[in-house]
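Participant: In the working numbering, the protein residues as written are 17 to 209.
Beta carbons: idealized from backbone N, C-alpha and C, even for Gly.
Would you mind keeping the following structure in view while I ask a few things?
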């Protein structure tokens, strides 16, 4: 169950609705240990509708940034709920660890996604947004597949993705800081003493 929690937690930070839809479908097909509550038809319908909205919003420059800001709370909370559900009737400590762990993984992957998308939006053409969005969706599908079928591999892949994500965020924030300092130096202070 740990691999499923780790894989779905990390993936939820990128696309929560896609994760829920995929878990529902895998559960219905008898793959993995997907809890019954996630396999309900109403859960699938709602997840697919929200995924369709995100699919469109994620392709539009700047709208994707607004969508990400709104989902800064939604994705980690959704991942935390998934972690709680997946642990089921386990002891309180296990539920709290799964909940906080899944939510924390989602927060880090969401921060990576949001930071990367701000950088992508500096590109003057709209194609890069669509390419990055499709790559994210493919990565989410891959990690969820691993989490369902090969949980240990999912944990290893998530660890690698976390390291890469933190590195990318560090570099992008550094570039943004340099850019701001360059802009600031172009406009010397008008204050004189």
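1) Can you list, in chain order, the residues of its chain with a C-beta nearer than 6 Å to that of residue 67? Leave out the 5 residues immediately preceding and following it.
2) If you draw a straight line from the C-alpha of residue 40 to the C-alpha of residue 83, how long is it?
3) Taking the alpha-carbon of residue 130 as reference, which of 51, 185 and 57 has the nearest alpha-carbon?
4) Give the secondary structure of residue 138 by DSSP, where H, G and I count as helix, E and B as strand, and everything else as coil.
5) Mapping DSSP to helix, strand and coil, what is residue 76?
6) What distance in whole Å lies between the Cβ atoms of residue 81 and residue 31, which are believed to be in contact at a cut-off of 8 Å?
7) When the Cβ atoms of the stretch 96-108 are set against those of the stretch 153-163, are three or more pairs found closer than 8 Å?
8) When the Cα of residue 28 is compared with those of 76, 70 and 172, which residue comes out closest?
9) On the three-pair Cβ rule with 8 Å, is the stretch 110-124 touching the stretch 81-100?
10) Determine, using beta carbons only, whether residue 74 and residue 139 come nearer to each other than 8 Å.
11) Determine the extent of the alpha helix (DSSP H) in which residue 28 is found, giving its start and end residues.
12) With distances taken between CB atoms, is the gap from residue 26 to residue 188 smaller than 8 Å?
13) Whole angstroms is fine: what's the gap from residue 173's alpha carbon to residue 154's?
14) Which of the three DSSP states is assigned to residue 107 in this structure?
15) Give every residue of the same chain whose Cβ lies closer than 6 Å to the Cβ of residue 152, excluding the five residues on either side of it in the sequence, and list them in chain order.
16) Please state whether the Cβ-Cβ distance between residue 170 and residue 22 is less than 8 Å.
17) With 16 other CB atoms within 10 Å as the buried threshold, where does residue 91 fall?
Facilitator: Result, derived from the coordinates:
1) 33, 34 and 37
2) Straight-line spacing of the CA atoms in residue 40 and residue 83 works out to 24 Å.
3) 185
4) coil
5) coil
6) Incorrect: roughly 16 Å between the Cβ atoms, too far for contact.
7) No: fewer than three Cβ pairs fall under 8 Å.
8) For residue 28, the nearest C-alpha among the options comes from 70.
9) yes
10) In this structure, residue 74 lies away from residue 139, with their beta-carbon atoms at least 8 Å apart.
11) 18-44
12) no
13) 14 Å
14) Residue 107: coil per DSSP, three-state reduction.
15) Excluding positions up to five away in sequence, the list reads 30.
16) yes
17) By the 10 Å Cβ count, residue 91 comes out buried.
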